[in-house]
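In this note's numbering, the protein residues as written are 31 to 99.
Beta carbons: idealized from backbone N, C-alpha and C, even for Gly.
Below is one structure, written out as structure tokens; comments come after it.
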Amino acid sequence: MITFKERLRELRLEKGLSQQELGAIVNMSKMAISHWESGHSEPSIAQLILLSQHFEVSIDYLVGKVDFI
Numbered sequence: 031m032i033t034f035k036e037r038l039r040e041l042r043l044e045k046g047l048s049q050q051e052l053g054a055i056v057n058m059s060k061m062a063i064s065h066w067e068s069g070h071s072e073p074s075i076a077q078l079i080l081l082s083q084h085f086e087v088s089i090d091y092l093v094g095k096v097d098f099i
């Protein structure tokens with residue numbers, strides 16, 4: 031099963047976004063996005079909601095619970 035960090039990176043790259051650009055979208059630093067993608071930290075529920083809305087996917091998909099959008 032895919033993990034949140036893998037799914038986030040995959041979605042970010044599909045949209046052609048840098049970590050800095052994604053950080054600006056969710057009001058976080060590039061370092062925060064880097065930490066999420068490396069698995070060193072995880073977003074809050076509010077940040078998960080912003081990410082799922084931006085990428086137009088469910089939170090379940092974003093965190094790797096399901097493999098379909």
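According to the neighbour-count rule (16 or more other Cβ atoms, all chains shown, within 10 Å of its Cβ), is Gln83 buried or exposed? exposed
Do Ile99 and Ile89 have their CB atoms nearer than 9 Å? no
When DSSP labels each residue in this structure, what does Ser74 get in the three-state scheme? coil
Please name the residue, chosen from Glu86, Gln77, Thr33, that lies closest to Asn57 on a Cα-to-Cα basis. Gln77
Could you tell me which whole alpha helix (DSSP H) segments of length 4 or greater appear in the stretch 34-88? 34-44, 49-55, 60-68, 75-85
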